[in-house]
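*Asks:* Questions regarding the structure given below will be posed in turn.
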Amino acid sequence: MMPALAQTVNAPTAIPTQNTDEVAAIVQDYLESAASTYPGSVIVTVDASRLARQPACSQLQAYLSSSQRLRSRLSVGVRCMAPIAWDSYVQATLSIQGFYYVANHAIQPGDVISLDDVSAREGDLLRLSPGIITDPSHLIGQLATQRINTNMAIKANALRDPDSIQRGQMVRTEVRGPGFVASGEGQAMQSGAPGSQIQVKSSSGQIITGTVLNANTVLIM
2 MMPALAQTVN
12 APTAIPTQNT
22 DEVAAIVQDY
32 LESAASTYPG
42 SVIVTVDASR
52 LARQPACSQL
62 QAYLSSSQRL
72 RSRLSVGVRC
82 MAPIAWDSYV
92 QATLSIQGFY
102 YVANHAIQPG
112 DVISLDDVSA
122 REGDLLRLSP
132 GIITDPSHLI
142 GQLATQRINT
152 NMAIKANALR
162 DPDSIQRGQM
172 VRTEVRGPGF
182 VASGEGQAMQ
192 SGAPGSQIQV
202 KSSSGQIITG
212 TVLNANTVLI
222 M
């Protein structure tokens, strides 16, 4: 009797799985780049363990949704472009250690800010309210538009350029040409700092557009 022939069955080839350290590095680079506009030291930690069973990827891409802003805890999208497409996410924490400025004493509306009025504090900039000033050049010489209490972090919307024009203010309008300057008066329809364009309602009722020169003058285009 002939012996039975053994049949050889080829086991399926296992698909390599994703190296999570590689994912973490991609996400870290992405967040460090996104945070580069902040004046501070960036610290990122990434937990990519949930992607350990994804197929290995040769073209990884990290991303945030268009409406998502940087904050202390983030879900960061990770997509694979090749060889097997997939799309998932990982958890990350982000901090940006930098300096911001607080009032040394109560600052009243109309006060001009000097170095003696403020002190630098160090902290995680992402944990502060939006608009907190981190550059002292945006503070010194500015006018307070509202009361700023002692030790309160100073926001950009609490200050204005002393040479800016306020909405509703009466202003001088100028039209300049070769060898002449024609002037008039009008009411500012918008607020604006020097160099910005605003609309002005002239004494005749016409709406005209011009560039703010100083606290009293608008150069008509």
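Under the numbering used here, the first residue of the sequence shown carries the number 2, and numbering increases by one thereafter. Heads up, the beta-carbon is just placed ideally off N, CA and C, and yes, glycines get one too. Treat the numbers as computed from the prediction; the structure is a model and nothing was measured.
#1: Curious, which full-length beta strand (DSSP E) runs of at least 3 residues does the region 99-174 contain?
#2: Looking at the secondary structure, which residues open and close the beta strand (DSSP E) in which residue 183 lies?
#3: Report the start-end ranges of each beta strand (DSSP E) in the region 71-102 that is 3 residues or longer and not cut off at the edges.
#4: Just mark residue 62 as buried or exposed, buried being the case when its beta carbon has 16 or more other beta carbons within 10 Å.
#5: Please classify residue 211: is it buried, with 16 or more other beta-carbons within 10 angstroms of its beta-carbon, or exposed?
#6: Following the continuous beta strand (DSSP E) through residue 63, name the residue where it begins and the one where it ends.
#7: Distance, Cα to Cα, residue 93 vs residue 51?
#8: Taking the straight line between their C-alpha atoms, what separation do you get for residue 49 and residue 91?
#9: Measure the C-alpha to C-alpha separation of residue 199 and residue 78 and round it to an integer number of angstroms.
#10: Using the three-state DSSP reduction, which class does residue 14 fall into: helix, strand or coil?
#11: Since residue 60 and residue 19 should fall inside the 8 Å C-beta cutoff, what is the C-beta to C-beta distance between them, to a whole number of angstroms?
#12: List the whole-angstrom C-beta distance separating residue 100 from residue 122, where the pair is believed to meet the contact cut-off of C-beta under 8 Å.
#13: Based on DSSP bridge pairs, tell me the residues matched to residue 45.
#14: What span of residues does the alpha helix (DSSP H) with residue 203 cover, start to end?
#15: Helix, strand or coil, according to DSSP, for residue 52 in the structure here?
#16: Measure the C-alpha to C-alpha separation of residue 127 and residue 35 and round it to an integer number of angstroms.
#17: With H, G and I counted as helix, E and B as strand and the rest as coil, what does DSSP make of residue 214?
#18: How would you label residue 151, buried or exposed, when you count the other beta carbons within 10 angstroms and need 16 or more for buried?
#19: Below 8 Å on the Cβ atoms is my contact criterion, and I expect residue 168 with residue 147 to pass it. Report the Cβ-Cβ distance as a whole number of Å.
#20: Which term fits residue 193, buried or exposed, when burial requires 16 or more other beta carbons within 10 angstroms of its beta carbon?
#21: Have a look at the DSSP bridge pairing and note the partners of residue 178.
*Replies:* Reading it off the structure:
#1: Runs of the beta strand (DSSP E) inside the region 99-174: 119-125.
#2: Note, residue 183: beta strand (DSSP E), 181-189.
#3: Contiguous beta strand (DSSP E) elements confined to the region 71-102 occur at 74-81, taking only those with 3 or more residues.
#4: Here residue 62 is exposed. Its C-beta has fewer than 16 other C-beta atoms within 10 Å.
#5: Taking a 10 Å sphere around the C-beta of residue 211, we find 16 or more other C-beta atoms and assign the residue as buried.
#6: The continuous beta strand (DSSP E) containing residue 63 extends over residues 61-64.
#7: Going by the C-alpha atoms only, they are around 12 Å apart.
#8: Straight through space, the alpha carbons of residue 91 and residue 49 are spaced by roughly 5 Å.
#9: Approximately 41 Å between the Cα atoms of the pair.
#10: Here residue 14 sits in coil by DSSP.
#11: Not confirmed; about 12 Å, so no contact.
#12: The beta-carbon separation of residue 100 and residue 122, rounded to 7 Å, stays under the 8 Å limit for a contact.
#13: Paired residues: 95.
#14: Looking at the DSSP string, residue 203 is not in any alpha helix (DSSP H); the run it does join, the beta strand (DSSP E), is 198-203.
#15: Helix at residue 52.
#16: Distance between the alpha carbons of residue 127 and residue 35 is about 13 Å.
#17: Residue 214 falls in the coil class under three-state DSSP.
#18: Exposed, since its Cβ has fewer than 16 Cβ neighbours within 10 Å.
#19: Residue 168 to residue 147, Cβ: 16 Å. No contact.
#20: With 16 or more Cβ atoms within 10 Å of its Cβ, residue 193 is classed as buried.
#21: By DSSP's assignment, residue 178 forms a beta bridge with 181.
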